[in-house]
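> First residue of the sequence shown? That's 4 in the working numbering, and the numbers climb one at a time after it.
Every residue gets a Cβ at the ideal spot worked out from N, C-alpha and C, and that includes glycine.
Structure provided below as structure tokens; questions to follow.
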Amino acid sequence: MQTELFTSLNDCLQKAFPPVTTRLIQEAVKDKPDFAALAEVIRMDPVLAAAVLGLVNSPFYSLSQRCTDLQRAAVVLGSKEILKLALSVSFHKNLSDVARTRDKDSYATWRVIVWSAIAAELLAERLAPGQADQAYLCALFKDLSLLLMDCAAPDLFPGSGGNVLVCLRPNQLDEERELLGVEHPELTNQILSKLGMAPESCPAIPHHHDYENLDRHDPMTQAVILATCWSEAELSSAADPFPVLRVDQLLKAHVGLDEAEMAELRGRCVERFREMLKTLGIKESAPDKRFYQHSLQEMQRAYFLGMDILTASGGLGRVAGTIRLHIGPREMELALRDPDGGCWRLFSYADGDRRALQTGRAEGRRDLPWSIRGRGRALTASGEAIGELRLPRSAALSHNDNASLELYLRFASQFFEQYSRQQAVLESRAGVYESLPVGVARMDRSGRLLDHNERLAEYLGPRTEHGGLPESLTEVPGIFQDPEWRAFLQNDRPRISSFFCESSRDAEQPPCLYLSAHKRDEDILFMLEDVTEVSELEMQAMKQLGFMETLVSSMRDLVFTLDDEGTVTFASPSVSPELTGKNLFSISKPTGPYSGKWDPTFLHEPHTNTVEAVVMVSRDRCLRLELVFSPLSGDLSDGKSHLVVGRDMTAIRRLEEKLKKQAMYDGLTGLLNHTQFQSVLDREVQRSRRTGRALGLIFLDLDDFKKINDTEGHQAGDRVLKKVGEVLLQNVRRGMDFPSRYGGDEFAVVYTEITPRQTAMLAQRLEDAVRRAFDGKLGLSAGVALLKEGEDSTSLVKRADEAAYTSKSKGGRTITMAD
4 MQTELFTSLN DCLQKAFPPV TTRLIQEAVK DKPDFAALAE VIRMDPVLAA AVLGLVNSPF
64 YSLSQRCTDL QRAAVVLGSK EILKLALSVS FHKNLSDVAR TRDKDSYATW RVIVWSAIAA
124 ELLAERLAPG QADQAYLCAL FKDLSLLLMD CAAPDLFPGS GGNVLVCLRP NQLDEERELL
184 GVEHPELTNQ ILSKLGMAPE SCPAIPHHHD YENLDRHDPM TQAVILATCW SEAELSSAAD
244 PFPVLRVDQL LKAHVGLDEA EMAELRGRCV ERFREMLKTL GIKESAPDKR FYQHSLQEMQ
304 RAYFLGMDIL TASGGLGRVA GTIRLHIGPR EMELALRDPD GGCWRLFSYA DGDRRALQTG
364 RAEGRRDLPW SIRGRGRALT ASGEAIGELR LPRSAALSHN DNASLELYLR FASQFFEQYS
424 RQQAVLESRA GVYESLPVGV ARMDRSGRLL DHNERLAEYL GPRTEHGGLP ESLTEVPGIF
484 QDPEWRAFLQ NDRPRISSFF CESSRDAEQP PCLYLSAHKR DEDILFMLED VTEVSELEMQ
544 AMKQLGFMET LVSSMRDLVF TLDDEGTVTF ASPSVSPELT GKNLFSISKP TGPYSGKWDP
604 TFLHEPHTNT VEAVVMVSRD RCLRLELVFS PLSGDLSDGK SHLVVGRDMT AIRRLEEKLK
664 KQAMYDGLTG LLNHTQFQSV LDREVQRSRR TGRALGLIFL DLDDFKKIND TEGHQAGDRV
724 LKKVGEVLLQ NVRRGMDFPS RYGGDEFAVV YTEITPRQTA MLAQRLEDAV RRAFDGKLGL
784 SAGVALLKEG EDSTSLVKRA DEAAYTSKSK GGRTITMAD
């Protein structure tokens, strides 16, 4: 099959490269092209000669006098420039006749080829000045094999199917190796060798997709690699504008350009690109698909506006309001797809009013109650519609305003897609929390309710005049006014497990609830489960003297009976085959605070009856259980001296840990979150007032973080934030200093028992540590403030923040003491 394929490829090669083109290539590999031979070749094709002279006299070269013959053009521009233009025209003319690209836009492939060749020359002028002409030719020919393969086998070649032919797809090189036995860059080199161009003439061709190893290549090859990335970002997709900004940052960093120089370079590339397309007869893409028609400043502005969508809180209404704020106070309707459920919601705005006047909801976008008729502007991401904007026909926009709006909507679409994904995750997590078959809640040490799921409210029922739960659960009668519960709040007991049956409530069958509560550093986690039916079964079973089997078969807890030596004489059916006959003390180990003897003597110690332990059911299965021991007596014991109820604590412990992390720590950096930072700061301010010991606050703002986000992407930014968190944790005093993520790329550290001099030294240590961790690519703007007499936490934060802002305004990487 490969033999037939390469035979067809050779046929296409003969058709695509007539003698004129072949002789031009042979002249191109010479150090000094022979103008007489070059002119003779060009004059063989009058159309080619006319096209070359057209390019010579284009506005790009800005010649003072018009050139009417090739000799004059060669004197003004040089033989190499004339040769490049001739090759470009001949290459396009002949390849267009044989290549049958499957692009939806038949000119898309050639636009990418032209841009990459021009860009490679412009970049090489800075990176490898003596090889700019060579870079142009390498970029022009680098994808020759793809065009010929599209001629030889358009249905077989993996580049077909609607993609821009010369833009690299995921896994394309692997597919080429499997299909052809060689990747297309190497195949291009082989083809050029047949045409008389040795591989060393274009050493960049085999590596033009090797972006990951950019710095390992020579400057001319780097120019071709960067030009390849640039052309694909500008021309391969009109849906995603982010690659254009990423390449912008990459070029500025690698080539050493400032904003003005990058804008000038891009402008030169666009000007020459358009002149070349005009001469070659290649149509530009539709106006709404040309990122290069916008300045980089316009794209950056649209990017930063779109970022506001990610931080919008309050649901789709807030997202719509944000987009409305960006577009301006005009009559409009905006439909957005709800991340939760996929339905569509419509927001309508009157002229001059920033608030939605009415909303609609429907399963499909077309089913919404639109009042503005006609075609809207779609918000699309990943090939799907996620929104639509409609303006009245009377709101005619100028060409520039219309282009700016289209650009903004592309950025808004991408950011709304990210927002939707994040919102969907949050909704899913909340759904799991709410669907738990038990009531779960968190309260502070005084009994004030901090958070709870709906099941808890169902169990406790309406407890206030407005039908909800009171702020403090100590006001709830029954469970939370029980003496045992009050004693648990007031003493050092770490946990409590109890049953409560409320006979005082108006109900035919008062509920029986199982309560399990666990104290943590600052709060209490507890769980309520309705065990009314279990209690009824227990009473019936006891009356019928068959209580054990009936009760255990319906209980979620495990039940054991032990003899005096601790041997399991009975076990719940789910574990009976593995545990019956084994000694409980031999197959289990306490994991809680219990530190006494763990042997049969424990059964006769009156001081404790509850132990949390790991029980080994089998070699591959262990259970973490809360074991409640109770003595058995009477005729029913039948040699069984003790009853043990084991409650599985695995889910509770996981839930505790999850709620703890959500409540206290930032999920990315592992530092205290904003809420916990404020709580710790308020606490330490009060402590400082009582003890008279100094309290300091350092406010930190990362320098150059935005550059990392823009050039390397948000995942790289997340890795930076995570590493900064690790650096802070490694450079503070444990138990005395409290680092936190204040928000975004801002951090704060609360220092206790510290002097002004020590605070400044610690701030410098943090700045040095961050700089070392990132090899100097990242720094800190720090603001340092010490608590004044009578000052509250709000004022302290404000002073530290203002000091950090002062450091930022000085250029960053600076520490400023407040006041």
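Of the choices Glu568, Thr564, Ser598 and Thr594, whose alpha-carbon is the least far from that of Thr583?
For Thr583, the closest C-alpha among the options Glu568, Thr564, Ser598 and Thr594 is that of Thr564.
> Would you call Tyr214 buried or exposed, if buried means 16 or more other Cβ atoms sit within 10 Å of its Cβ?
exposed
> Give me the DSSP bridge partner(s) of Glu608.
DSSP lists no partner for Glu608.
> Could you tell me the boundaries of the beta strand (DSSP E) in which His455 lies?
Leu452 to His455
> Let's see if you can read the secondary structure: which residues bound the beta strand (DSSP E) around His645?
His645 to Asp651
> Quick check: what's the CA-CA separation for Leu842 versus Leu151?
Lying outside 4 to 822, the shown extent of the chain, residue 842 is not represented and no answer is given.
> Tell me the DSSP secondary structure of Leu883 in three-state form.
The question about residue 883 has no answer, for the chain in this structure spans 4 to 822.
> Could you pull the start and end residues of the alpha helix (DSSP H) that Lys592 belongs to?
Element bounds for Lys592: not the alpha helix (DSSP H) but the beta strand (DSSP E), Ser591 to Pro593.
> Might you give, ordered along the chain, the residues of its own chain that have their beta carbon closer than 6 Å to the beta carbon of Glu179, omitting 5 neighbours on each side?
Glu186 and His187
> Helix, strand or coil for Ala807 per DSSP?
helix
> Out of Leu195, Arg327, Tyr808 and Val247, state which residue places its alpha-carbon closest to the alpha-carbon of Arg269.
It is Val247.
> On the premise that Leu339 lies in contact with Ala315, defined as a C-beta separation below 8 Å, what is that separation, rounded to the nearest angstrom?
With 8 Å as the limit, Ala315 and Leu339 do not qualify as a contact, their Cβ atoms being about 11 Å apart.
> Among the residues of its own chain, which have a CB less than 6 Å from the CB of Asp3, if the five just before and after it don't count?
Residue 3 cannot be examined here, being either before or after the span of the chain that is shown, 4 to 822.
> Could you pull the DSSP bridge partners for Thr570 from this structure?
Asn586
> Based on the DSSP secondary-structure assignment, which residues constitute the bridge partners of Ile701?
Val752 and Val787
> Quick one: measure Cβ to Cβ for Glu749 and Leu674, integer angstroms, because I've assumed they're closer than 8 Å.
The pair is not a contact, with the Cβ atoms about 11 Å apart (cut-off 8 Å).
> Using 8 Å as the Cβ pair cut-off and three pairs as the minimum, do the stretch 194-214 and the stretch 227-238 touch?
yes
> Check whether the Cβ atoms of Leu705 and Val753 lie closer than 9 Å to each other.
no
> For Ala365 and Gly345, what's the separation of their Cα atoms in angstroms?
10 Å
> With distances taken Cα to Cα, identify the nearest neighbour of Arg693 among Glu756, Lys726 and Thr714.
Glu756
> Looking at the secondary structure, which residues open and close the beta strand (DSSP E) in which Gly826 lies?
Not covered by the structure: residue 826. The range shown for the chain is 4 to 822.
> Go ahead and label His297 buried or exposed: buried means 16 or more other beta carbons lie within 10 angstroms of its beta carbon, across all protein chains shown.
By the 16-neighbour rule on beta-carbons within 10 angstroms, His297 is buried.
> If I measure Cβ to Cβ from Ala305 and keep anything under 7 Å in the same chain, skipping five residues before and after, which residues do I get?
Leu410, Tyr411 and Phe414
> If we require 3 or more residues per run, which beta strand (DSSP E) segments fall completely within the stretch 323-405?
335-340, 347-352, 361-365, 380-384 and 387-393
> Give me whichever residues DSSP pairs with Asp706 in a beta bridge.
In DSSP, Asp706 forms a bridge with Gly782.
> Where does Leu463 sit, in a helix, a strand or coil, going by DSSP?
helix
> Can you pull the DSSP bridge partners for Arg744?
Phe750
> Cys625 by DSSP, collapsed to three states: which one?
strand
> Could you check whether Val617 and Lys600 sit closer than 9 Å to each other, using their CB atoms as the reference points?
no
> Exposed or buried, Ala807, counting other C-beta atoms within 10 Å across all chains shown (16 or more means buried)?
buried
> Is the beta carbon of Lys813 closer than 9 Å to that of Asp707?
Contact: no.
> Among the residues of its own chain, which have a CB less than 7 Å from the CB of Gln421, if the five just before and after it don't count?
Leu313
> Using the C-alpha atoms, what's the distance from Lys725 back to Thr817?
22 Å
> With a threshold of 8 Å (Cβ to nearest heavy atom), would Trp347 be considered close to the ligand FAD?
Looking at this structure, you won't find the ligand FAD or any other ligand, since it has none at all.
> Starting from Thr672 and walking both ways along the beta strand (DSSP E), at which residues does that stretch end?
Segment: none, Thr672 is in no beta strand (DSSP E) and carries neither H nor E.
> Helix, strand or coil, according to DSSP, for Lys546 in the structure here?
Unreliable placement is indicated for Lys546, whose pLDDT of 42 sits below 50; the coordinate value is still reported in the next sentence. The answer is helix: DSSP assigns Lys546 an H, G or I state.
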